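Trainee: In our numbering, the protein residues as written are 6 to 235.
C-beta: ideal position from N, C-alpha, C; glycine also.
Just so you know, these numbers come straight off a predicted model, no measurement behind them.
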Amino acid sequence: MTNPLRCLGQMLATFVGRVLGAAFFVLGKARGRKALHPRGEVMEGLIARHGADGRTGVGWLDEAGTDHVAVRLSRSLGLPAPHPDVLGMALRIPTQPGRFGDVLLATSGTGLLGRYVLLPTRRYGLRAYTSLFPYKTPVGPLLLAAIPTPGSPRQYELAYSRPTGPLRPFGTLEVAQTTYRGHDLDLSFDPVLNVVPGLETYHWAAQLRRFSYAASRRAREHRTGPPTSQ
Numbered sequence: 006m007t008n009p010l011r012c013l014g015q016m017l018a019t020f021v022g023r024v025l026g027a028a029f030f031v032l033g034k035a036r037g038r039k040a041l042h043p044r045g046e047v048m049e050g051l052i053a054r055h056g057a058d059g060r061t062g063v064g065w066l067d068e069a070g071t072d073h074v075a076v077r078l079s080r081s082l083g084l085p086a087p088h089p090d091v092l093g094m095a096l097r098i099p100t101q102p103g104r105f106g107d108v109l110l111a112t113s114g115t116g117l118l119g120r121y122v123l124l125p126t127r128r129y130g131l132r133a134y135t136s137l138f139p140y141k142t143p144v145g146p147l148l149l150a151a152i153p154t155p156g157s158p159r160q161y162e163l164a165y166s167r168p169t170g171p172l173r174p175f176g177t178l179e180v181a182q183t184t185y186r187g188h189d190l191d192l193s194f195d196p197v198l199n200v201v202p203g204l205e206t207y208h209w210a211a212q213l214r215r216f217s218y219a220a221s222r223r224a225r226e227h228r229t230g231p232p233t234s235q
């Protein structure tokens, strides 16, 4: 029998997701761009993975390797620097020829509670980024994080953690000066549609995000025509 509390939680997530979707559609239509993170800088990045300390069942975390990725750095509300804003980092990770997965991170704390709280900052390289929502994996919920390396604003330590566990490094990210070959407007990141194998989105988190992303895309299509890429 389905857990009533789980059903209630999913219904609540769907309701909140629809409300956010409506708000994002209005904001995106007014801006003619994404409702949140309206403008960004898309750079090339290199991820060097040495592998997780313990097995997680997620190949991308457990196995050593390198990934040439697209990195989009953006300001959540689009406030001009040096005004504080929640900063975003979106990673487009190749998973197999012609396919990719998206990971979205935002500036937050790193403590047991702080890693789930959005925190504004003035510039890149000062605060850690986390996924905020945990991923569903074979060993249970895992959170992802990118922690800036002191003195190297374009280098980050990549880590994962259980909901209340320590952050465990599994690799590094180096953001290059080179602009990625895709224009900012040509890239639409969506971790619900574009999944890194093994990093599944919980249903409640997908419901919160799905309607918001769809509404933001509809608003842009209304103003600029169909997007060139998902």
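1) Can you tell me the Cβ-Cβ gap for A57 and F175, rounded? I've got them flagged as a contact below 8 Å.
2) With a threshold of 6 Å on Cβ separation, who are the neighbours of P87 within its own chain once the five nearest residues in sequence on each side are excluded?
3) Specify the secondary structure class of H55 as computed by DSSP and reduced to three states.
4) Have a look at A28 and T71 and give me their C-alpha separation to the nearest angstrom.
5) For R97 and A75, which I take to be in contact (beta-carbon distance under 8 Å), what is that distance rounded to the nearest angstrom?
6) From S136, T177, H208, V108, pick the residue whose C-alpha is nearest to that of G114; which is it?
7) If you measure between the beta carbons of V144 and G62, is that distance less than 9 Å?
8) In or out: Q101 buried (at least 16 other Cβ within 10 Å) or exposed?
9) Comparing C-alpha positions only, which one of P85, V47, R120 sits nearest to M94?
10) With distances taken Cα to Cα, identify the nearest neighbour of P99 among E49, Y134, R132.
11) Consult DSSP for Y236 and reduce its assignment to one of helix, strand or coil.
12) Cα-Cα, which of R60, Y140, W209, T112 is closest to D90?
13) What does the alpha-carbon distance come out to for the pair V180 and Y134?
14) Count the other CB atoms within 10 Å of the CB of F30; is the residue buried (16 or more) or exposed (fewer)?
15) Take Y161 as the anchor and find which of T169, P171, G170, A150 has the nearest alpha-carbon.
16) State the start and end residues of the unbroken alpha helix (DSSP H) segment that holds D67.
Mentor: According to the structure data:
1) 5 Å
2) R127
3) coil
4) Any reading at A28 needs caution, since the residue's pLDDT is 47, under 50, leaving its predicted position unreliable; the model's value is listed next. Their backbone Cα atoms lie some 39 Å apart in a straight line.
5) 4 Å
6) S136
7) yes
8) exposed
9) V47
10) E49
11) The requested residue 236 does not occur in the structure, where the chain is confined to residues 6 to 235.
12) T112
13) 14 Å
14) In this prediction, F30 scores a pLDDT of 43, lower than 50, which makes its location untrustworthy; no coordinate-derived value is stated.
15) A150
16) 64–67
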